[in-house]
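Worksheet: the structure to be examined is printed underneath.
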Amino acid sequence: MWVHVIGAGLSGAEAAYAAARMGAQVRLYEMRPVRMTPAHRSAHFAELVCSNSLGGEGETNAKGLLQAEMRAAGSLILQSADRNRVPAGGALAVEREAFSQEITAVLQANPRIEVVRAELTTLPKDGVVVLATGPLTSDALAEHLQDLLGEEFLGFYDAAAPVVLGESINLDIAYRAGRYGQQADYLNCPMNEAEYRRFYETLTQARRHTPHDWEKLEFFEGCMPIEEIARRGYDTPRFGPLKPVGLPDPRTGREPYAVVQLRAEDRRGQMWSLVGFQTGLKWGDQKSVVQCIPGLENAEIVRYGVMHRNTYLCAPRLIEPTLQFRRHPRLLVAGVLCGVEGYLESAATGFLAGLNAARLAQGQEPLVPPEESMLGGLVRYLSSANPDNFQPMNANWGLVPIADGKGKKADKRSRMFRRGLEQFQRWVAWALPAQPGPEDDPLPASAEIPAGSA
Ligand SMILES: Cc1cc2nc3c(=O)[nH]c(=O)nc-3n(C[C@H](O)[C@H](O)[C@H](O)COP(=O)(O)OP(=O)(O)OC[C@H]3O[C@@H](n4cnc5c(N)ncnc54)[C@H](O)[C@@H]3O)c2cc1C
Numbered sequence: 158m159w160v161h162v163i164g165a166g167l168s169g170a171e172a173a174y175a176a177a178r179m180g181a182q183v184r185l186y187e188m189r190p191v192r193m194t195p196a197h198r199s200a201h202f203a204e205l206v207c208s209n210s211l212g213g214e215g216e217t218n219a220k221g222l223l224q225a226e227m228r229a230a231g232s233l234i235l236q237s238a239d240r241n242r243v244p245a246g247g248a249l250a251v252e253r254e255a256f257s258q259e260i261t262a263v264l265q266a267n268p269r270i271e272v273v274r275a276e277l278t279t280l281p282k283d284g285v286v287v288l289a290t291g292p293l294t295s296d297a298l299a300e301h302l303q304d305l306l307g308e309e310f311l312g313f314y315d316a317a318a319p320v321v322l323g324e325s326i327n328l329d330i331a332y333r334a335g336r337y338g339q340q341a342d343y344l345n346c347p348m349n350e351a352e353y354r355r356f357y358e359t360l361t362q363a364r365r366h367t368p369h370d371w372e373k374l375e376f377f378e379g380c381m382p383i384e385e386i387a388r389r390g391y392d393t394p395r396f397g398p399l400k401p402v403g404l405p406d407p408r409t410g411r412e413p414y415a416v417v418q419l420r421a422e423d424r425r426g427q428m429w430s431l432v433g434f435q436t437g438l439k440w441g442d443q444k445s446v447v448q449c450i451p452g453l454e455n456a457e458i459v460r461y462g463v464m465h466r467n468t469y470l471c472a473p474r475l476i477e478p479t480l481q482f483r484r485h486p487r488l489l490v491a492g493v494l495c496g497v498e499g500y501l502e503s504a505a506t507g508f509l510a511g512l513n514a515a516r517l518a519q520g521q522e523p524l525v526p527p528e529e530s531m532l533g534g535l536v537r538y539l540s541s542a543n544p545d546n547f548q549p550m551n552a553n554w555g556l557v558p559i560a561d562g563k564g565k566k567a568d569k570r571s572r573m574f575r576r577g578l579e580q581f582q583r584w585v586a587w588a589l590p591a592q593p594g595p596e597d598d599p600l601p602a603s604a605e606i607p608a609g610s611a
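Everything in the sequence shown is counted per my numbering, starting at 158 for the first residue and increasing by one.
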């Protein structure tokens, strides 16, 4: 049975490689150069459209754990990144052209992979399908997906608020309450008048990210960025998302001057997003704004707010942690489309989707990595997050169980790193075939980039 992988970006390249490595016969569809996206510049697979970094490294870095897991999984993206790395002070950065050229050559030379350069406008009807068409999925295919899944399941922009790590919130200041005595599901950060004034000034002086033309959004009232709300007047935020009515502070019995509410992002309550706080501010300035909110003075931001065009699914309503669609088990999804953010996260979900697609094609049960691993935490989050206003997520320490015990933050993170990697290594050694075949040689000496692919 064929495994069809649609899209040869970060996730599709890794999915095709993993499925072929599992012994599946793969057809990999890529529309470039026949039809380009607004951001890609070449016909290479796994093109890095913006930065050339796959994230920070090291034992205290959540992306570092995901990189280590991908190395343990024999990832093509990580092998190529390691071979083409450039110095970047603690981050895994690559020479982008050589990186994606190499990946293209490896996949094109693989006897189990047939490359088809064409835009798919509907899904193949036979075999197992991995959907990996990314944030710039072509319009025709996006329309087809809307028909298949329902309009409400496909998002076309990110209007995301910052998400902070629960353990970094100061609970001596933030208090639990629901408006007008409703269920106390929210954490509330109270401000007095002086604190509000300082917050307002910091917010209105913060710099905005300048989007590319095609990234620009028409704002509508429901997802107005907080900086735009503030621009409309001094009191506008506190009559909008920061309104304090019905939220008396239990320590004073009175309603504060303004309140920033936080809502849990995950079932364990390890990640909290700022309600109504979608923002397109530059990240450094965003941090200053968040940290001048009482209770968030030491907040660790695990996902920054963004406002830009994107295409992604409401994953919690649609998919299993195996990356299969609940209602279409032979259809899997990976990359930005499945609700992750970042090159590395896209490639990692591509690995799992490719592995599971091959298993399904071979009549085996699909798998989920251990919950202590970063990939396991990420796919569990996708399938179980709060589906209301779901926004794409990147690798962060809030996705895996926090390590027990006291001690310095860095020591705790190192313990979580080692625990996650150990569990992942054990799992992946069992999940992957013991003996790699000749086609697993990352770059056969004879591999050349065929004409027309550069
Ligand atoms: C402008 C922009 C900048 C970004 N910058 C960064 C960054 O700096 N760092 C970071 O970590 N992440 C960044 N991202 C987010 C994300 O990590 C990347 O977009 C990443 O490439 C996503 O991987 P993917 O596999 O989901 O999609 P892609 O890598 O985009 O791959 C999807 C592939 O599918 C193809 N395709 C689309 N429709 C069809 C179709 N109908 N038929 C056949 N092929 C099709 C596309 O041509 C493309 O090659 C950025 C995203 C965008 C949009």
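We put the beta carbon where it would ideally sit given N, CA and C, even for glycine.
Does Leu-532 come out as helix, strand or coil in the three-state DSSP assignment? The sequence position of residue 532 within the sequence shown is 375, counting from 1. Correct three-state label for Leu-532: helix.
Check for me: the beta strand (DSSP E) holding Asp-315 runs from which residue to which? Mapped onto the sequence shown, residue 315 falls at position 158. Unbroken beta strand (DSSP E) run through Asp-315: 311–317.
Thinking C-beta only, is Asp-315 closer than 8 Å to Pro-549? Residue mapping note: residue 549 aligns to position 392 of the sequence shown, counting from 1. Residue mapping note: residue 315 aligns to position 158 of the sequence shown, counting from 1. Going by C-beta atoms, Pro-549 is nearer than 8 Å to Asp-315.
Within a Cβ cutoff of 7 Å, which residues of the same chain sit near Gly-534, ignoring the five residues on either side of it in sequence? In the sequence shown, the residue the question calls residue 534 occupies position 377. Same-chain partners within the cutoff: Glu-528, Leu-556 and Val-557.
Could you round the C-beta distance between Tyr-469 and Gly-284 to whole angstroms and report it? I think they count as a contact, below 8 Å. Mapped onto the sequence shown, residue 469 falls at position 312. Mapped onto the sequence shown, residue 284 falls at position 127. In fact, because the Cβ distance is near 24 Å, the residues do not count as touching under 8 Å.
Is the beta carbon of Trp-554 less than 8 Å from the beta carbon of Val-459? Position 397 of the sequence shown, counting from 1, holds the residue named residue 554. Position 302 of the sequence shown, counting from 1, holds the residue named residue 459. For Trp-554 and Val-459, yes; Cβs fall inside 8 Å.
If Ala-175 sits next to Phe-508, beta carbons under 8 Å apart, how far is it from one beta carbon to the other, in whole angstroms? The count along the sequence shown starts at 1 and reaches residue 175 at position 18. The count along the sequence shown starts at 1 and reaches residue 508 at position 351. Correct: roughly 5 Å between the Cβ atoms.
Could you pull out every residue in the same chain whose Cβ sits closer than 7 Å to the Cβ of Trp-159, ignoring the five residues on either side in sequence? Along the sequence shown, read from residue 1 onward, the residue named residue 159 stands at position 2. Gln-182, Arg-184, Asp-283 and Gly-284, listed in sequence order.
Residues in the same chain with beta-carbon distance under 6 Å from Ser-603, minus the five sequence neighbours each way, listed in chain order, please. Here residue 603 refers to the residue found at position 446 when the sequence shown is read from its first residue. Residue placement at Ser-603 is flagged as unreliable, the pLDDT there being 38, under the threshold of 50; the coordinate-derived value follows with that caveat. If you ignore the 5 residues before and after Ser-603, its C-beta comes within less than 6 Å of no other C-beta in its own chain.
Tell me whether the region 321–333 and the region 342–354 touch, counting them as touching only if at least three CB pairs, one residue from each stretch, are closer than 8 Å. yes
With a CB to CB cut of under 6 Å and the five nearest residues on each side skipped, what residues in its chain are close to Gly-403? Locating residue 403 in the sequence shown gives position 246, where the first residue counts as 1. Excluding positions up to five away in sequence, the list reads Arg-336 and Tyr-337.
Using the Cα positions of Leu-167 and Arg-411, report the straight-line distance between them to the nearest angstrom. Looking up residue 167 in the sequence shown gives position 10. Looking up residue 411 in the sequence shown gives position 254. In a straight line, the C-alpha of Leu-167 is about 52 Å away from that of Arg-411.
Nearest CA to the CA of Asn-327: which residue from Gly-452, Glu-187, Val-525 and Pro-473? Numbered from 1 along the sequence shown, position 170 holds the residue referred to as residue 327. Here the closest residue by C-alpha is Gly-452.
With the cut-off set at 8 Å, would you say Arg-483 and Pro-544 are in Cβ contact? In the sequence shown, counting from the first residue as 1, residue 483 sits at position 326. In the sequence shown, counting from the first residue as 1, residue 544 sits at position 387. No.
Take Lys-566 and list the residues in its own chain whose beta-carbon comes closer than 6 Å to its own, dropping the five residues that flank it on each side. In the sequence shown, the residue the question calls residue 566 occupies position 409. Once the five neighbours on either side are set aside, Lys-566 has no close Cβ partner at all.
I'd like to confirm the pairing. Which residues does DSSP put opposite Phe-464 in its beta bridges? What you label residue 464 is simply residue 307 of the sequence shown in a count that begins at 1. Correcting the residue type first, residue 464 is Met in the shown sequence and not Phe. Beta-bridge pairing links Met-464 to Ala-316.
Return helix, strand or coil for Met-550, following the three-state DSSP convention. Here residue 550 corresponds to residue number 393 of the sequence shown, with the count starting at 1. Of the three classes helix, strand and coil, the one that applies to Met-550 here is strand, per DSSP.
Taking 6 Å as the limit between beta carbons, can you name the residues of its chain near Ile-270, skipping five residues before and five after? As a first step, residue 270 is located in the sequence shown; it is residue number 113 there, counting from the start. The answer, listed in chain order, is Ala-173, Ala-177, Val-183, Leu-185 and Leu-264.
List the whole-angstrom C-beta distance separating Leu-360 from Ala-387, where the pair is believed to meet the contact cut-off of C-beta under 8 Å. Walking along the sequence shown from the start, residue 360 turns up at place 203. Walking along the sequence shown from the start, residue 387 turns up at place 230. That pair is a contact at about 5 Å.
Which word fits Tyr-357, buried or exposed, when buried means at least 16 other C-beta atoms lie within 10 angstroms of its C-beta? One-based indexing of the sequence shown puts residue 357 at position 200. Tyr-357 comes out buried.
Taking the C-alpha atoms as reference points, what is the distance between Glu-216 and Gly-577? By 1-based counting over the sequence shown, the position of residue 216 is 59. By 1-based counting over the sequence shown, the position of residue 577 is 420. Their backbone Cα atoms lie some 11 Å apart in a straight line.
Spatial neighbours of Tyr-353 in its chain, beta-carbon cut-off 7 Å, leaving aside the 5 residues before and after: Numbered from its first residue, the sequence shown carries residue 353 at position 196. Correct list, in chain order: Arg-395, Tyr-414 and Ala-415.
If we call anything under 8 Å between Cβ atoms a contact, is Leu-489 one with Val-287? The residue given as residue 489 occupies position 332 in the sequence shown. The residue given as residue 287 occupies position 130 in the sequence shown. Yes, these two residues count as a Cβ contact at 8 Å.
Roughly how many whole angstroms lie between the Cα atoms of Ser-208 and Ile-234? Your numbering for residue 208 matches position 51 in the sequence shown. Your numbering for residue 234 matches position 77 in the sequence shown. The alpha-carbon atoms of Ser-208 and Ile-234 are separated by roughly 15 Å.
Nearest to Leu-589 by CA position, among Ser-232, Thr-367 and Val-162, is which residue? Taking the first residue of the sequence shown as 1, we reach residue 589 at position 432. That would be Ser-232, whose Cα lies nearest to the Cα of Leu-589.
Would Pro-473 pass as an interface residue toward chain C - the criterion being a Cβ-Cβ separation below 8 Å? Absent from the structure is chain C; it holds one protein chain and no more.
The beta strand (DSSP E) enclosing Pro-347, as first and last residue numbers: Residue numbering aside, residue 347 sits at position 190 when the sequence shown is read from its first letter. Residues 343–348.
Identify which residue in Pro-382, Pro-526, Lys-569 and Gln-339 has its Cα closest to the Cα of Gly-154. Nothing about residue 154 can be read from this structure; the chain reaches only from 158 to 611.
So, helix, strand or coil for Arg-420, using DSSP? Within the sequence shown, residue 420 is the residue found at index 263, counting from 1. If DSSP states are grouped into helix, strand and coil, Arg-420 belongs with the strands.
In terms of alpha-carbon separation, which member of Ala-289, Ile-450 and Ser-445 lies closest to Val-417? Here residue 417 refers to the residue found at position 260 when the sequence shown is read from its first residue. Checked all of Ala-289, Ile-450 and Ser-445; the closest Cα to Val-417 is Ile-450.
Starting from the C-beta of His-301, find all residues in its chain whose C-beta is less than 8 Å away, skip the five residues before and the five after it, and write them out in chain order. Start at 1 with the first residue of the sequence shown, and residue 301 comes out as number 144. Excluding positions up to five away in sequence, the list reads Thr-278, Thr-279 and Leu-280.
Nearest-angstrom Cα separation, counted from Gln-580 out to Ser-295: In the sequence shown, the residue the question calls residue 295 occupies position 138. In the sequence shown, the residue the question calls residue 580 occupies position 423. When rounded, the distance between both Cα atoms is 38 Å.
Please report the Cβ distance between Ala-266 and Gly-213, rounded to the nearest whole angstrom; I am assuming they are in contact, meaning their Cβ atoms lie under 8 Å. Against the sequence shown, residue 266 aligns to sequence position 109. Against the sequence shown, residue 213 aligns to sequence position 56. Contact doesn't hold; Cβ gap of about 32 Å is too wide.
C-alpha gap between Leu-211 and Met-573, whole angstroms: The count along the sequence shown starts at 1 and reaches residue 211 at position 54. The count along the sequence shown starts at 1 and reaches residue 573 at position 416. Approximately 20 Å, taken between the alpha carbons.
What is the DSSP secondary structure of Ala-229, reduced to helix, strand or coil? Numbered from its first residue, the sequence shown carries residue 229 at position 72. Helix, per DSSP.
Would you please state the rounded distance, in angstroms, between the beta carbons of Gly-433 and Pro-398? I believe it to be under 8 Å. What you label residue 433 is simply residue 276 of the sequence shown in a count that begins at 1. What you label residue 398 is simply residue 241 of the sequence shown in a count that begins at 1. The beta-carbon separation of Gly-433 and Pro-398, rounded to 3 Å, stays under the 8 Å limit for a contact.
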